[in-house]
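Below is one structure, written out as structure tokens; comments come after it.
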Amino acid sequence: MKPAEVLEKIQKLLHLGEMKGRFILASAVAAPILLLWLSLSYRYPAILETRKEIARIFDTSSEITRLKASWNEEESARAAAEWGAVKDKLIPSYEKLSEWLEFMFDRAQAAGIGMKYTIGEINKTEGVTGVSTASVIITLSSGGAASAAQPGGTPQARAGYHEYMDFLRNIQDFYSGADITGITMSGPGTGAAQMEIKLKVWVGFVNDGQTDKGAPA
116 MKPAEVLEKI
126 QKLLHLGEMK
136 GRFILASAVA
146 APILLLWLSL
156 SYRYPAILET
166 RKEIARIFDT
176 SSEITRLKAS
186 WNEEESARAA
196 AEWGAVKDKL
206 IPSYEKLSEW
216 LEFMFDRAQA
226 AGIGMKYTIG
236 EINKTEGVTG
246 VSTASVIITL
256 SSGGAASAAQ
266 PGGTPQARAG
276 YHEYMDFLRN
286 IQDFYSGADI
296 TGITMSGPGT
306 GAAQMEIKLK
316 VWVGFVNDGQ
326 TDKGAPA
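Shown next, in the form of structure tokens:
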């Protein structure tokens with residue numbers, strides 16, 4: 116082989132080695148970039164989905180907060196309306212309770228019915244500041260006036276049943292907040308001589324600065 120040919124072959128080998136070296140160097144540089152790109156291309160959808168999920172969570176949280184605020188406002192308005200309706204049924208003080216009982220006493224007298232009343236046990240209402248309940252017992256008695264004789268000629272006591280029923284209706288008409296807890300009647304049929312009415316009444320002092328004014332000791 117001629118020296119010129121040997122030199123040319125050596126130059127080719129050197130050039131080939133240089134090309135391999137450049138390829139190896141380029142591969143060494145490109146490999147991490149390629150791996151990074153592959154990693155990102157694989158992870159990007161997951162990252163994007165995570166960001167979307169975070170956005171959904173944020174939106175959901177905001178919506179929940181808004182709904183809670185709206186619900187609280189609606190509940191407050193509803194509670195205020197319901198409490199207003201309940202408050203209308205409350206007797207505002209024990210003085211007013213006594214006045215109401217005296218009013219019913221006058222109506223009983225006008226109907227020819229004897230009436231006595233007692234205010235019994237008073238209890239605070241748990242969970243509702245300023246409201247208490249009192250037990251009231253009203254005893255009605257027939258006027259005792261003579262009426263038409265029975266078929267045997269025996270005098271009959273003045274019939275009290277219908278008058279008592281009218282009185283009960285008056286209780287509900289003039290104070291719808293009174294709960295009737297018991298009724299006891301004695302006497303023969305429409306000639307009932309006595310009726311005992313047990314009531315539970317609600318006395319309220321709600322957000323108006325009042326106290327249990329006039330409450331029995």
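FYI, this note's numbering numbers position 193 of the sequence shown as 308, with every residue one higher than the one before it.
Virtual Cβ for every residue (Gly too), placed ideally from N, Cα, C.
Using the three-state DSSP reduction, which class does ALA249 fall into: helix, strand or coil? strand
Among ARG181, ALA307 and ILE295, which one has its Cα closest to the Cα of ILE252? ILE295
Please report the Cβ distance between SER250 and LYS211, rounded to the nearest whole angstrom; I am assuming they are in contact, meaning their Cβ atoms lie under 8 angstroms. Their Cβ separation, rounded to whole angstroms, is 17 angstroms, which puts SER250 and LYS211 out of contact at 8 angstroms.
Go ahead and pull the three-state DSSP assignment for GLU217. helix
In three-state terms, what does DSSP make of GLU311? GLU311: strand per DSSP, three-state reduction.
For GLY302, I'd like the list of residues in its chain whose CB is within less than 6 angstroms of its CB, leaving aside the five on either flank, ordered along the chain. ALA308
Would you please state the rounded distance, in angstroms, between the beta carbons of GLU278 and ALA226? I believe it to be under 8 angstroms. 5 angstroms
ASN238 versus ALA196: straight-line alpha-carbon distance, rounded: 25 angstroms
From what residue to what residue does the beta strand (DSSP E) around ILE237 run? 229-239
Contact check, ALA293 vs LEU255 under 8 angstroms by CB: the rounded distance? Rounded, the Cβ-Cβ distance is 15 angstroms, inconsistent with contact.
If you count every other CB in all the chains shown that lies within 10 Å of the CB of MET280, and 16 or more means buried, which is it? With fewer than 16 Cβ atoms within 10 Å of its Cβ, MET280 is classed as exposed.
Using a Cβ-Cβ cutoff of less than 7 angstroms, which residues in the same chain neighbour THR240 once the five nearest sequence positions on both sides are dropped? Residues of the same chain with a CB within less than 7 angstroms of the CB of THR240, apart from the 5 flanking positions on each side, are VAL246, SER247 and THR248 in chain order.
Report the partner residues of GLU302 according to the DSSP bridge assignment. Contrary to the premise, residue 302 reads as Gly rather than Glu in this sequence. For GLY302, which the question treats as bridged, DSSP gives no partner whatsoever.
CB PHE218 to CB PHE289, shorter than 9 angstroms? yes
Buried or exposed: where does SER185 fall if 16 or more other Cβ atoms within 10 Å of its Cβ makes it buried? Under this definition SER185 is an exposed residue.
Quick one: what does DSSP say SER257 is sitting in, helix, strand or coil? coil
DSSP-derived helix/strand/coil call for THR396: Any answer about residue 396 is impossible in this case: the structure gives the chain only from 116 up to 332.
Quick one: is SER191 buried, meaning 16 or more other Cβ sit within 10 Å of its Cβ, or exposed? exposed
Name, in chain order, the residues that DSSP records as bridge partners for ILE206. According to DSSP, ILE206 bridges with VAL318.
Restricting to Cα atoms, I'd like to know which of THR233, ILE286 and LYS315 is closest to GLY297. Checking every option, the nearest Cα to that of GLY297 belongs to LYS315.
Please state the DSSP three-state secondary structure of THR180. Helix, per DSSP.
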